[in-house]
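**Q** Quick one: this structure, given as structure tokens, is what I'll be asking you about.
In this note's numbering, the protein residues as written are 40 to 534.
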């Protein structure tokens, strides 16, 4: 659902910002102008993704800060001008009074209210860039008060100006004074681009973590920052999201349908998160079942009320996030299932150690100088693909290393614990196994750095054997080696 939200949020954010042009256009030209402008902004947004967040993020804070101060000032102005008593709406009593009076219509309106909190589902992506305290301070003392004042300002205006002309698809710009409307539209488009950037980065993060856990097809992940691991770019996903965003914008051409779709996606994310958090409270934090159940019932009941209201708008656009989620789940399930079958095939068709030791010049197989790396998913035995390699090219290196890369369910694996090295067969055969372990948030080195560290770890293992190690798998602490040490390590392995 969050990946699907990466399609809906850019559409909704940019379309709602561009919709301010409606007020200066005739009714028949609104749709034909807003949709093309939205598509152009979306194309520019996704085209800039390959530069990375780091190069453009210096603009994010000023834009967001200026936008929050703008809507705060607009809210205060409209509250003072039209209805100062709107502050009474902060009382929960007004909510119950509203639902009691409107009944079913009020319950149905909850799906639209969800749009007031969109973006909160992407906050976890920011945890890869900031600590908890800055986010708590920014949200509590800046973001939340600004949004409350902005929404109350809109409510104050609408309480005195009931819009008879329902042809407008957006009500925000109506309460903006005409003298500053164009600067506000420009600022809104910039703020929409920043908001879209957050959810696009969020989609990149989720796909990267799913790929690390073996639940998503392999895609090229580009780390755009040398200092922050969470700043990544995935070209295939980026262009796919752009095409889907444009398709949704052109297909819906209606903010109401986009809002229904985004509301259901948001509420589903929150409901699933609440269920998973209750499991974390019980299984990971070791709290009593009563605490986890109380958490689930309190927050889950509120979210279920909103979820049911959003689900009632299934035919009015809410079907889209469900369709996207089902397609993504099918892709993930097929990939995970096929990967399991491949692993079982490799496991049952692995070559015996006796076959490997029998290879020699007497049967036409030569050992050539150098170190050969054979990648495999198996943590034991000789993979079947090595036998096919020998069949087609009857030669392999004097030093043979079976490399197995494994992802473990922890965020980070310390570099001294990353390499697990052992010997395959007798010492004179010079065949080794190296299991490289990564956490799901570890940054992978480039090829040269990886090979240098692997050879250095192999050299450490050879030294351990010389000191009396029995040759079994052992954790070899190999920190990042300096340039030139890889050559020395390779020489040590050959000796």
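From the three backbone atoms N, C-alpha and C, an ideal C-beta is built for every residue, glycine too.
Tell me the DSSP bridge mates of residue 470?
**A** Note: residue 470 sits in a beta bridge opposite 439.
**Q** If we call anything under 8 Å between Cβ atoms a contact, is residue 260 one with residue 239?
**A** Their beta carbons are not under 8 Å apart, which means residue 260 does not touch residue 239 by this criterion.
**Q** Here's the rule: buried if 16 or more other CB atoms are within 10 angstroms of the residue's CB, otherwise exposed. What is residue 352?
**A** Buried, since its Cβ has 16 or more Cβ neighbours within 10 Å.
**Q** Return the first residue and the last residue of the beta strand (DSSP E) that residue 58 is part of.
**A** Unbroken run through residue 58: none, as it is neither H nor E.
**Q** I'd like the span of the alpha helix (DSSP H) that includes residue 386, first residue to last.
**A** That run of the alpha helix (DSSP H) goes 358-387.
**Q** Since residue 478 sits in a beta bridge, which residues does DSSP pair it with?
**A** The partner list for residue 478 (beta bridge, DSSP) reads 447.
**Q** Compute the Euclidean distance between the alpha carbons of residue 397 and residue 504, then round it to the nearest angstrom.
**A** If I take the Cα positions, the gap works out to 23 Å.
**Q** Please report the residue range of the beta strand (DSSP E) in which residue 459 lies.
**A** Segment 458-462, the beta strand (DSSP E) holding residue 459.
**Q** Which two residues bound the contiguous beta strand (DSSP E) that contains residue 103?
**A** Note, residue 103: premise wrong, no beta strand (DSSP E); alpha helix (DSSP H) at 99-121.
**Q** For residue 58, which option in 47, 46, 48 and 72 has the closest C-alpha, if you only look at C-alpha atoms?
**A** For the residues 47, 46, 48 and 72, the minimum Cα distance to residue 58 belongs to 72.
**Q** To the nearest angstrom, how far is it from the Cα of residue 192 to the Cα of residue 321?
**A** Distance between the alpha carbons of residue 192 and residue 321: 42 Å.
**Q** Determine which residues share a DSSP beta bridge with residue 171 and list them.
**A** Answer by DSSP bridge pairing: none, since residue 171 is not bridged.
**Q** Can you name, in chain order, every residue of its own chain whose Cβ lies under 7 Å from the Cβ of residue 382, other than the five neighbours on each side?
**A** Around residue 382: 416.
**Q** Using the Cβ count rule (16 or more neighbours within 10 Å means buried), how would you classify residue 243?
**A** The residue in question, residue 243, is buried, as its Cβ has 16 or more Cβ neighbours within 10 Å.
**Q** Mark residue 502 as exposed unless 16 or more other C-beta atoms lie within 10 angstroms of its C-beta, in which case mark it buried.
**A** With fewer than 16 other Cβ atoms within 10 Å, it is exposed.
**Q** Give me the DSSP bridge partner(s) of residue 406.
**A** DSSP, once it has assigned bridges, lists 435 as partnering residue 406.
**Q** Rounded to whole angstroms, what's the CA-CA distance from residue 208 to residue 60? Just pull it up for me.
**A** Note that residue 208 scores 46 on pLDDT, short of 50, meaning its location in the model is unreliable and no value can be drawn from it.
**Q** Could you tell me which residues DSSP puts in a beta bridge with residue 262?
**A** According to DSSP, residue 262 bridges with 271.
**Q** Taking the continuous beta strand (DSSP E) assigned at residue 513, which residues delimit it?
**A** Where residue 513 is concerned, the enclosing beta strand (DSSP E) stretches over 513-515.
**Q** With distance defined between alpha-carbon atoms, name the residue in 104, 146, 106 and 451 nearest to residue 343.
**A** Answer by Cα proximity: 146.
**Q** Please report how far the alpha carbon of residue 507 lies from the alpha carbon of residue 449, in whole angstroms.
**A** One C-alpha to the other measures close to 32 Å.
**Q** With a threshold of 7 Å, establish whether the CB of residue 179 neighbours any heavy atom of the ligand NAD.
**A** Ligands displayed in this structure: none; no statement on the ligand NAD is therefore possible.
**Q** Return the first residue and the last residue of the alpha helix (DSSP H) that residue 334 is part of.
**A** 328-350 is the span of the alpha helix (DSSP H), which, as asked, contains residue 334.
**Q** Look up residue 412 in the DSSP assignment and say whether it is helix, strand or coil.
**A** Looking at residue 412 - three-state DSSP - the assignment turns out to be strand.
**Q** Name the one or two DSSP bridge partners that residue 390 has.
**A** Residue 390 pairs with 421.
**Q** Tell me the DSSP secondary structure of residue 130 in three-state form.
**A** Three-state result, residue 130: coil.
**Q** Would you call the CB atoms of residue 313 and residue 338 closer than 8 Å?
**A** In contact: residue 313 and residue 338 (Cβ atoms closer than 8 Å).
**Q** Could you name the residues of the same chain whose beta carbon sits closer than 7 Å to that of residue 457, not counting the 5 residues immediately before and after it, in chain order?
**A** Correct list, in chain order: 475 and 476.
**Q** Rank 331, 310 and 262 by C-alpha distance to the C-alpha of residue 319 and give the top, closest one.
**A** The residue with the shortest Cα to Cα distance from residue 319 is 331.
**Q** For residue 301 versus residue 48, is the C-beta spacing smaller than 8 Å?
**A** Yes. Within cutoff.
**Q** Could you check which residue in 467, 110, 378 and 127 has the C-alpha nearest to that of residue 253?
**A** With distances taken between Cα atoms, residue 253 lies closest to 378.
**Q** In chain order, what residues of the same chain have a beta carbon less than 8 Å from the beta carbon of residue 62, not counting five sequence neighbours either side?
**A** Hits under 8 Å: 207, 212, 213 and 220.
**Q** With 16 other CB atoms within 10 Å as the buried threshold, where does residue 141 fall?
**A** Flag for residue 141 reads exposed.
**Q** What whole-angstrom Cβ distance do residue 109 and residue 226 have, given they're in contact under 8 Å?
**A** The pair is a contact, with the Cβ atoms about 6 Å apart (cut-off 8 Å).
**Q** Judging by CA-CA distance, which residue of 412, 422, 280 and 430 is the nearest neighbour of residue 473?
**A** Among 412, 422, 280 and 430, the Cα nearest to that of residue 473 is on 412.
**Q** Cβ of residue 299 within 8 Å of Cβ of residue 234?
**A** Taking 8 Å as the Cβ cut-off, residue 299 and residue 234 do not qualify as a contacting pair.
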